[in-house]
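Trainee:
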Amino acid sequence: MIKVDNSLFIQVAIFVSFAIAMDRILFRPFVAFLEERSRRIFGAKEEADRLKAEAQAIAEVYEKEVLKGKEEALREALNLREEAKRERDVLLSSKREEAQQYVLQAKKRLKEEAEKAMGELEAVVEKFAKSLGEQVLGRPLG
Numbered sequence: 254m255i256k257v258d259n260s261l262f263i264q265v266a267i268f269v270s271f272a273i274a275m276d277r278i279l280f281r282p283f284v285a286f287l288e289e290r291s292r293r294i295f296g297a298k299e300e301a302d303r304l305k306a307e308a309q310a311i312a313e314v315y316e317k318e319v320l321k322g323k324e325e326a327l328r329e330a331l332n333l334r335e336e337a338k339r340e341r342d343v344l345l346s347s348k349r350e351e352a353q354q355y356v357l358q359a360k361k362r363l364k365e366e367a368e369k370a371m372g373e374l375e376a377v378v379e380k381f382a383k384s385l386g387e388q389v390l391g392r393p394l395g
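Numbering (this note's numbering), first residue to last: 254 to 395.
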């Protein structure tokens, strides 16, 4: 059997004093150090996650703005193309009308010149026919 004497109480007192001293000198500072380390690690990780989320939000806004700019540029290009097409159509219509007027004037001029030439030709043919008739008949035609 175990004998309980004063040395047991002394050993228990020494153990308890040592445990209290170690708790205050070593364990509590070590636990505080581990907690601070964990806080810094996870705090930095949380900060990194927050910054990453913020960067992603900024990137999304940037992408939306770029897409919006591209769409606006495309709309503007389409508007410019439509405007150029309208101007081209107006110009072509105007030039087509001018060409038709020119053709009509040319036809009118040709018709007038043809009528004038026919009139002159009829006079010449009449003189020629009269002259030929006089030569064939040998007498003047009246």
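Idealized CB from N, CA, C, for every residue including glycine.
Report the rounded CA-to-CA distance for Glu-288 versus Ala-308, giving the unit in angstroms.
Mentor: Distance between the alpha carbons of Glu-288 and Ala-308 is about 29 Å.
Trainee: How far does the alpha helix (DSSP H) with Lys-360 in it reach, from first residue to last?
Mentor: Taken as a continuous stretch (DSSP letters only), the alpha helix (DSSP H) holding Lys-360 covers 281-390.
Trainee: Could you round the C-beta distance between Lys-383 and Leu-394 to whole angstroms and report it? I think they count as a contact, below 8 Å.
Mentor: Right, their Cβ atoms sit about 6 Å apart.
Trainee: State the Cα-Cα distance for the pair Val-377 and Leu-345, rounded to the nearest angstrom.
Mentor: Cα to Cα, the separation comes out at about 46 Å.
Trainee: Which of the three DSSP states, helix, strand or coil, is assigned to Leu-394?
Mentor: Residue state, collapsed to three classes: coil.
Trainee: Can you tell me the Cα-Cα spacing of Leu-366 and Val-343, whole angstroms?
Mentor: Position check: residue 366 holds Glu in this sequence, whereas Leu was assumed. Taking the straight line joining both Cα atoms gives about 34 Å.
Trainee: When DSSP labels each residue in this structure, what does Asp-258 get in the three-state scheme?
Mentor: Here Asp-258 sits in coil by DSSP.
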